[in-house]
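In my numbering, the protein residues as written are 1 to 44.
Ideal Cβ positions, reconstructed from N, Cα and C, are used throughout, including at glycine.
Working notes, structure below.
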């Protein structure tokens with residue numbers, strides 16, 4: 001069942017790109033968190 005509403009395809013493609021970028025953003029966030037954690041350990 002394919003919806004022919006205008007903007008539905010754009011919404012799907014936006015959702016797809018967000019889901020594709022999510023792991024990359026998660027990796028960047030984890031790297032940032034790890035770096036901050038190491039800096040805090042160095043300051044002690």
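- If you look at residue 31, you'll find it in the alpha helix (DSSP H) that goes 8-43.
- Note on geometry: alpha-carbon atoms of residue 38 and residue 27 lie some 16 Å from one another.
- Here the C-alpha atom of residue 16 lies approximately 37 Å from the C-alpha atom of residue 40.
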